[in-house]
Every structure is written in C-alpha cells, then in structure tokens.
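In the working numbering, the protein residues as written are 25 to 247.
What follows is the structure, encoded as structure tokens:
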C-alpha cells in the first residue's frame, strides 16, 4: 500500500531534507497567504489576475502556490527515496483535487474542507480496519519499527481517534474564524498538536517494541 518503483530499494534521506519536503508546501502556503504580493506576479502568469483580487485573493494565491509545491515535494521525495508514504500521497492527491476546485469554482471552502476530509478518511480507515482485526497504522504512518500485536492495536486506536479529533478541530476553526487565523492554525496549530500527540505515544512504542532477537521477532518473520 505504498507507492514504490518496482523492485527499487528505498533510499534514506537526510532528516532535514525530509522535513523540508514535508513542511515546505505548507510553509509556502502560509507565506503566500501572509505576503501574496511576493507570489502574485508568478501565479498571475497562469491564471486571471482578477482571481487574486478581493477579500479571498490571499487564500486563492496561497492555494495556487500550494498545489505545485505539493506536487514538486512528492516528486522530489520519490526521486530521492524511490518511495512515497501513504499519508503524503493521499494528502497530495486531495490537495490537487480540492485546490483545483478552489481556484476553478472560486470557492475557498474546498481548500478549507481538505484537512477535514483527509483526517476523517484516515480516522475511519484505521478504526474500520481495527474493527476487522487489521491494525493498519503501520501502513498509514509508514512505520519502520516493529511492535507486538497489542501495541499495533493500541496505536491504531489512538491514532484513529486523533485523526477524527483533527477533523473536528479543523471544522471548528475554519467555520468560526478568519481565513488568516485558519491558515496560521494549519502551520502553528495542527503541527505542534500532532507532535505533542505523537510524543504521548512513545510509551506504547517502548512497551510493545519487538526486539530483533526476541521470540516475537522470530514469529513475525514467519508471517
């Protein structure tokens, strides 16, 4: 369930470069919304200048920058690692679809709904898989560690609920606050909240980690 070139081994990438690829498009989205004049000369070459005027001009500019930045980041990640994790791939597809709809229909609701739909999708996939005895968190997070079955179940449940929480939180923010507040929240709210939550899951990783020389590791290698 990961996108990899056939038969090509995954390459390791410098952690700083990996962070740039993951956060770069979002940072550009924030900058284009905050300082649209820096990007308008570029985006107006490809779209009608009138689109970027008016009260929604900033977020339309940010969306016009966000789409190619996301595509470039995905392509760069594929070239460097010969691998695209599930979450960035799915999120990138939704950025492309909802971003295009935002600009084509001139309706900023689409780009604001994107986090809600993506997080709801991941949450339902994880919880639905868990209901059928399939803890899918390892695939969704592209995890490189091994856990005992109970650890995968707990981690899947926690992340599934967390994704639904993010979906609800995004709905509350974009429906009740300004465009600028929502944009700032995407960068300075969602990411810190996610990092804090991920840190709270470390005890599960430590408790249920499968050691390379343990009986669990031997059993998992047979499956």
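A virtual CB, placed ideally from N, CA and C, is assigned to each residue, including glycine.
Selection 181, 175, 60 and 202 evaluated against residue 227 yields 175 as nearest (Cα-Cα). Taking 8 Å as the upper bound for CB-CB distance, residue 180 and residue 154 are in contact here, some 5 Å apart. Of the other Cβ atoms in all chains shown, fewer than 16 fall within 10 Å of the Cβ of residue 99; this residue is therefore exposed. With three or more CB-CB distances shorter than 8 Å, the stretch 182 to 190 counts as touching the stretch 151 to 168.
The three-state secondary structure of residue 171, taken from DSSP, is strand. For residue 68, the CB contacts under 8 Å within the same chain, skipping 5 residues up- and downstream, are 76 in chain order. For residue 85, the CB contacts under 8 Å within the same chain, skipping 5 residues up- and downstream, are 56, 57, 60, 63, 64, 67 and 76 in chain order. Rounded to the nearest whole angstrom, the C-alpha separation of residue 89 and residue 172 is 42 Å. Taking a 10 Å sphere around the C-beta of residue 126, we find 16 or more other C-beta atoms and assign the residue as buried.
Residue 224 and residue 131 have their alpha carbons spaced roughly 37 Å apart.
Per DSSP, reduced to three states, the secondary structure at residue 195 is helical.
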